[in-house]
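Everything below concerns the one structure shown next.
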Amino acid sequence: MCGSEAGGHFSVVVVEARAGIAILRVTGKGARALFAGEVGGHRWQRIPPTEKKGRVQSSTITIAVLGEEAFAALVIRDEDLEWATCRAPGNGGQAVQKTDSAVQLTHLPTGIQVRCHEGRSQYANRAEAMAKLRARLTSDARSKATAERAATRRDQVGSGMRGDKRRTIRAQDDSVVDHVTGTTWRLRDYLRGAW
Numbered sequence: 001m002c003g004s005e006a007g008g009h010f011s012v013v014v015v016e017a018r019a020g021i022a023i024l025r026v027t028g029k030g031a032r033a034l035f036a037g038e039v040g041g042h043r044w045q046r047i048p049p050t051e052k053k054g055r056v057q058s059s060t061i062t063i064a065v066l067g068e069e070a071f072a073a074l075v076i077r078d079e080d081l082e083w084a085t086c087r088a089p090g091n092g093g094q095a096v097q098k099t100d101s102a103v104q105l106t107h108l109p110t111g112i113q114v115r116c117h118e119g120r121s122q123y124a125n126r127a128e129a130m131a132k133l134r135a136r137l138t139s140d141a142r143s144k145a146t147a148e149r150a151a152t153r154r155d156q157v158g159s160g161m162r163g164d165k166r167r168t169i170r171a172q173d174d175s176v177v178d179h180v181t182g183t184t185w186r187l188r189d190y191l192r193g194a195w
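Under the numbering used here, the sequence shown has 49 at position 49, and the numbering climbs by one with no breaks.
As structure tokens, then:
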């Protein structure tokens with residue numbers, strides 16, 4: 001747990017950490033609103049302890065603040081479904097081509113069609129068709145959410161280039177400059193979260 005100047009407490013969990021990327025999960029009241037101000041590029045300038053000539057080294061990181069994926073239970077309304085029955089294709093058999101056991105299910109809002117004729121009874125084929133439709137709709141919803149999330153992330157982090165930055169942290173001057181608001185803090189206050 002870590003405290004904030006706003007008086008709340010946040011729980012920070014490292015979800016993934018590897019070369020070039022760190023993903024943190026921060027939970028607590030107001031966490032997303034607080035960290036939304038960190039979105040964008042950050043440039044960190046410092047003089048390394050091993051530097052003999054006083055040259056400044058710069059590093060750039062990009063930050064995105066995203067909500068966790070929350071997939072609500074998929075609701076398929078009966079009025080959005082259109083059922084049709086027909087005889088199953090393929091080699092003839094005692095019941096396959098003699099009864100309307102094959103079903104075709106159309107989800108009207110999306111136009112997705114599912115056909116099922118593997119089962120011997122219409123009841124079994126209806127259940128299988130519904131399961132296939134649910135799987136397709138869930139997959140499409142996940143793909144759409146993933147694409148939207150990727151677009152949001154791209155918009156937040158920008159290019160990561162030098163001129164496209166949110167903050168500059170200058171360790172040698174003990175200062176942090178927010179280029180969006182024009183605010184300046186002391187580095188030690190910024191590191192404590194007093195911003």
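A virtual CB, placed ideally from N, CA and C, is assigned to each residue, including glycine.
- For Leu191 and Arg167, the gap between their C-alpha atoms comes out near 13 angstroms.
- Secondary structure at Glu118: coil, using DSSP grouped into helix, strand and coil.
- Between Gly40 and Ile63, the C-beta spacing is below 8 angstroms.
- Taken through DSSP and simplified to helix, strand or coil, Glu16 comes out as strand.
- Remark: fewer than three beta-carbon pairs, one from each stretch, lie closer than 8 angstroms, so the segment 117 to 125 and the segment 143 to 150 are not flagged as touching.
- DSSP places Leu24 in the uninterrupted beta strand (DSSP E) bounded by 21 to 27.
- Comparing alpha carbon positions, the residue from His42, Ala151, Ala150, Gly67 closest to Val26 is Gly67.
- Secondary structure of Thr152 (DSSP, three-state): helix.
- Where Leu81 is concerned, the enclosing beta strand (DSSP E) starts and stops at 81 to 86.
- Checking the DSSP bridge columns, you'll see Asp178 partnered with Arg167.
- Around the C-beta of His9, fewer than 16 other C-beta atoms lie within 10 Å, and the residue is accordingly described as exposed.
- Within the model, the alpha-carbon separation for Lys53 versus Ile169 is close to 20 angstroms.
- Per DSSP, Arg186 is one residue of the beta strand (DSSP E) stretching across 184 to 186.
- Of Ile76, Val75, Gln45, the smallest CA-CA separation from Ile61 is found for Gln45.
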